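Enquirer: In my numbering, each number is its position in the sequence shown, counted from 1, plus 8.
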Amino acid sequence: MSKIADIIKHEGDNATFVWKHPCEDFNSLTQLVVHETQEAIFFMNGQALDLFGPGRYTLETQNIPLIGKALNRTTGDETPFHCEVYFINKTEQMAVKWGTDSKVQYVEPTYGFPISIGASGDMALRVSDSRKLLIKLVGTENLLTQNKLLTYFRSILMTRVKTYIAQVMKSNAINIFEIDQNLTSFSESIKQLLIPNFEDYGIVLEKFFVTTIVKPDGERQYEKFKELHFRQYADIAEATLRQ
9 MSKIADIIKH EGDNATFVWK HPCEDFNSLT QLVVHETQEA IFFMNGQALD
59 LFGPGRYTLE TQNIPLIGKA LNRTTGDETP FHCEVYFINK TEQMAVKWGT
109 DSKVQYVEPT YGFPISIGAS GDMALRVSDS RKLLIKLVGT ENLLTQNKLL
159 TYFRSILMTR VKTYIAQVMK SNAINIFEID QNLTSFSESI KQLLIPNFED
209 YGIVLEKFFV TTIVKPDGER QYEKFKELHF RQYADIAEAT LRQ
């Protein structure tokens, strides 16, 4: 028979979202320690049962009502039970990098010519719903790191971000030659569109920044309109000075 755990706790790094405790045999005398910014969830037979916030707990029946109900125990408090315990890190994880895997195709709203751009930046994520994250994304895995989470979301990010970039630039008539000075509002608009995609998995998109726009410098058509734009800008500035 496996050794019954005396204390269940997790002290990991901040790049980990979810960690499964290696022990799976407990009794009501086992101590559970949940640190600040953590939650712990017990699973039995693939079902998410009791959830614990920060604190120290003795796993007595009154502290684990769903497990107690599932077991329907009639023997003493030291009777072992078999469960899986997952620790969820609820801190905001910042500086998570993202980037488009291919160019975004759209029609430049000011001058009406087709253009291809790339984009990259960083974001901050936080677990908002531990049960939803575990059930919909983690499954039977023992560990969910920041890198693994990004792997899961890569297809969503690559598809949706490219769509939203083109959508926001068109709806807000953002000039490609002036986009760098509008990155703050541009980033916020894309963030608002992305939020529901993360919420579906129990994740909050706390921050989303577009830090770099890769323009098609050197392409003949792009350079032609670029020259036209800045010539018009120079003419307006000169006229203003004369007035």
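The C-beta atom is built at its ideal place from N, Cα and C for all residues, glycine as well.
Here the structure is a predicted model, which means the values were calculated and not measured.
Taking the DSSP output, what are the residues bridged to residue 129?
Expert: The sequence position of residue 129 within the sequence shown is 121, counting from 1. Its beta-bridge partners are 106 and 218.
Enquirer: Between the region 89-103 and the region 178-194, can you find at least three pairs of beta-carbon atoms closer than 8 Å?
Expert: Touching, no.
Enquirer: Quick one: Cα of residue 83 to Cα of residue 162, how far?
Expert: On the sequence shown, residue 83 is found 75 positions in, with the first residue counted as 1. On the sequence shown, residue 162 is found 154 positions in, with the first residue counted as 1. Low confidence applies here, because residue 83 scores a pLDDT of 47, under 50, leaving its location unreliable; read the following figure in that light. Taking the straight line joining both Cα atoms gives about 49 Å.
Enquirer: Starting from the C-beta of residue 96, find all residues in its chain whose C-beta is less than 6 Å away, skip the five residues before and the five after it, and write them out in chain order.
Expert: In the sequence shown, counting from the first residue as 1, residue 96 sits at position 88. Here the set comprises 26, 47, 135 and 138.
Enquirer: Apart from the five residues on each side of it in sequence, which residues of its chain come closer than 7 Å, Cβ to Cβ, to residue 9?
Expert: Here residue 9 corresponds to residue number 1 of the sequence shown, with the count starting at 1. In this predicted model, residue 9 has a pLDDT of only 45, less than 50, meaning its place in the structure is not dependable; the value taken from the coordinates is given anyway. For residue 9, where only same-chain residues beyond five positions count, there are no Cβ hits under 7 Å.
Enquirer: Spatial neighbours of residue 201 within its chain, please: CB distance less than 6 Å, with the 5 preceding and 5 following residues excluded, ordered by chain position.
Expert: Taking the first residue of the sequence shown as position 1, residue 201 is located at position 193. Closer than 6 Å at the Cβ level, and outside the excluded window around residue 201, lie 172.
Enquirer: In angstroms with no decimal places, state the Cα-to-Cα distance between residue 166 and residue 106.
Expert: Within the sequence shown, the letter at position 158 stands for residue 166. Within the sequence shown, the letter at position 98 stands for residue 106. Rounded to the nearest angstrom, the two C-alpha atoms are 9 Å apart.
Enquirer: Please determine if the region 18-36 and the region 52-62 are in contact, where contact requires at least 3 C-beta pairs separated by less than 8 Å.
Expert: No, the region 18-36 is not in contact with the region 52-62.
Enquirer: Thinking C-beta only, is residue 209 closer than 7 Å to residue 156?
Expert: As a working note, residue 156 is residue 148 in the sequence shown. As a working note, residue 209 is residue 201 in the sequence shown. For residue 156 and residue 209, no; Cβs fall outside 7 Å.
Enquirer: CB-CB under 8 Å to residue 104, same chain, minus the five flanking residues each way: which ones, in chain order?
Expert: The residue labelled residue 104 in the question sits at position 96 within the sequence shown. 130, 131, 132, 133, 154 and 158, listed in sequence order.
Enquirer: Go through the region 14-49 residue by residue and report every complete run of the beta strand (DSSP E) that reaches 3 residues or more, in order.
Expert: Fully enclosed beta strand (DSSP E) runs of 3 or longer: 24-28 and 39-42.
Enquirer: Are the CB atoms of residue 16 and residue 40 nearer to each other than 7 Å?
Expert: Residue mapping note: residue 16 aligns to position 8 of the sequence shown, counting from 1. Residue mapping note: residue 40 aligns to position 32 of the sequence shown, counting from 1. Yes, these two residues count as a Cβ contact at 7 Å.
Enquirer: State the DSSP-derived secondary structure class of residue 143, mapped to helix, strand or coil.
Expert: In the sequence shown, counting from the first residue as 1, residue 143 sits at position 135. It is helical.
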